[in-house]
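S.K.:
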Amino acid sequence: MQGFLHRAAQAALASLVLLVFVGATVRATGSGLGCPDWPTCWGCLIPPWKASQIDPARLDLDRFRRNAERHGIDPATITPETVLSRFNPVHTWVEFLNRLTSLPLGLSTLALFAGSFFAERRRGWLCVVAFLSLADVAFNAWLGAEVVHSGLKPGVITLHMALAFGLICLLTTAVRLTGKASMRPVASFGPLQRRIAVVSVLFFLCLVVEGILGSQVREHTDELAKSAGHLARAEWTGLLEQTTIYLVHRSASWSLLVTSALLLFWVQCSPRPSAVRPRLLFVGVLAMMVMGVILAHVAVFRVIQVLHVGMTAVLLSVAWAWLLELFTADLVAKEAAGT
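In the working numbering, the protein residues as written are 2 to 340.
1. Kindly indicate which three-state DSSP category Cys36 falls into: helix, strand or coil?
2. Is the beta carbon of Val21 less than 8 Å from the beta carbon of Ala314?
3. Only counting the same chain, and skipping five residues up and downstream in sequence, which positions put a Cβ closer than 7 Å to that of Trp126?
4. With a Cβ-Cβ cutoff of 8 Å, do Thr138 and Leu104 count as a contact?
5. Count the other C-beta atoms from every protein chain shown that fall within 10 angstroms of the C-beta of Glu121, then say buried if there are 16 or more, exposed otherwise.
6. Counting only the same chain and skipping the five closest in sequence on each side, list residues whose C-beta sits under 8 Å from that of Arg8.
7. Looking only at its own chain, which residues have a Cβ that is under 8 Å from the Cβ of Thr340, when we skip the five neighbours before and after it?
8. Can you confirm whether the region 48-59 touches the region 82-101 when touching is taken to mean that 3 or more C-beta pairs between the two stretches lie within less than 8 Å?
9. Give the secondary structure of Thr159 by DSSP, where H, G and I count as helix, E and B as strand, and everything else as coil.
10. In whole angstroms, give me the CA-to-CA distance for Trp255 and Gly212.
11. Measure from the alpha carbon of Leu263 to the alpha carbon of each residue in Ala276, Phe119, Gly44, then state which is nearest.
12. So is Gly191 buried or exposed if we call it buried at 16+ other beta carbons inside 10 Å?
13. May I ask you to report which of helix, strand or coil DSSP gives Thr329?
14. Can you list, in chain order, the stretches of the beta strand (DSSP E) that have 3 or more residues and sit fully within the region 27-83?
15. Could you tell me whether the region 238-256 touches the region 291-299, where touching means 3 or more Cβ pairs closer than 8 Å?
16. For Ser1 versus Leu171, is the C-beta spacing smaller than 8 Å?
17. Relative to the C-alpha of Leu1, which residue among Ala136, Thr78, Leu101 is closest?
18. Measuring only the C-alpha atoms, how far is Val202 from Val176?
19. Using alpha carbons as the reference points, say which of Gly24, Gly44, Phe5, Leu281 lies closest to Ser109.
20. Use the C-beta contact count for Met2: other C-beta atoms within 10 angstroms, 16 or more gives buried, fewer gives exposed.
21. Which ranges does the alpha helix (DSSP H) cover as unbroken runs of at least 4 residues, wholly within the region 245-319, from first to last along the chain?
22. With distances taken from CA atoms, which of Met292, Arg100, Val18 is nearest Pro37?
23. Expressed to the nearest angstrom, what Euclidean distance is found between the alpha-carbon atoms of Ser32 and His161?
24. CB-CB under 8 Å to Trp321, same chain, minus the five flanking residues each way: which ones, in chain order?
25. Does the Cβ-Cβ distance between Ala25 and Gly311 come in under 8 Å?
26. At what residues does the alpha helix (DSSP H) containing Gln100 begin and finish?
27. Taking C-alpha atoms, which residue in Glu242, Lys181, Asn141 lies nearest to Phe1?
28. Cα-Cα, which of Phe97, Trp43, Val95 is closest to Pro81?
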């Protein structure tokens, strides 16, 4: 059973990271309303390829009119014809694939929760983490529907991403709980280990804050796609620089580089036999900085946007796994063996 639970936790975490990449693709391509209804897509279980395949009778025109009114559009102008004129097969199928990608996440998280009651060890903690993970998945699925129903309301999108970040930490914890590593808390740290612990926590907090700020910057790029879509993406940076949130996000990215460099330096100075995760974090931050430079000084390329968001999810999982390792007796045992 323990092996099954470990594989279920790994599958859920991998599905979530993939979903973040796919979700970033949805936003970068402007496909968020490719399926304007939920849980169906243009009134169908399987999306249409062309507008002629859509049955207008299956569409909730009242909801379309309410969304139009929220955006300052006269509801009387919303007719079956105007709704169908928005149909874009590429956007529709990108959004539909986003929904399909969420299925493995939901099923593997459900399997993890059901199996946690039969865990051979750490049953109590695993049940709690699995329940919170399942609750996060369920609530975020509902919130995903609200994102569609709200017409991509900015605050809802940021909350959607924040919950995904929380789920990454929960599932990373589940992977460790179902594995063989120790989960006993460390009784005390030496001076060097204390510095490593402090900078590790600082790095994680900076990463979370940067992720949330980045999601808000993406809201601005979504608005630019609507209001300044006629401009070349190379010109978007000048418009973004007029917003405080973008300037803070860009400047604060240096905190990740500094903290990850300090972490790697101090870990290499310690008697630890391995520094794999700190190296991954430092290399990942360097890659993020390169992508940030491209976005800030070349153009807001869609593929770079997707990689930028997806890399944040990967770094968050690695950083949280590192913290779990750092604050358990497993680290103390390794250091004792190395001295």
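Ideal Cβ placement from N, Cα and C applies to all residues, glycine included.
M.R.: Working from what's here:
1. coil
2. yes
3. Leu178
4. The displayed chain sequence assigns Val, not Thr, to residue 138. No, the Cβ-Cβ distance between Val138 and Leu104 is not below 8 Å.
5. exposed
6. none
7. Any answer about Thr340 is weak, because its pLDDT of 37 lies below 50 and its placement is not dependable; what the coordinates show is given next. Counting only Cβ-Cβ distances below 8 Å, and skipping sequence neighbours, we find Pro272.
8. yes
9. helix
10. 14 Å
11. Ala276
12. exposed
13. strand
14. none
15. yes
16. Not covered by the structure: residue 1. The range shown for the chain is 2 to 340.
17. Residue 1 lies beyond the range of the chain shown here (2 to 340); nothing can be said about it.
18. 20 Å
19. Phe5
20. exposed
21. 245-270, 277-298
22. Arg100
23. 16 Å
24. Ile169, Cys170, Thr173, Thr174, Phe205
25. yes
26. Contrary to the premise, residue 100 reads as Arg rather than Gln in this sequence. Element bounds for Arg100: 90-117.
27. Within the shown structure, residues of the chain are numbered from 2 to 340, placing residue 1 beyond reach of any answer.
28. Trp43
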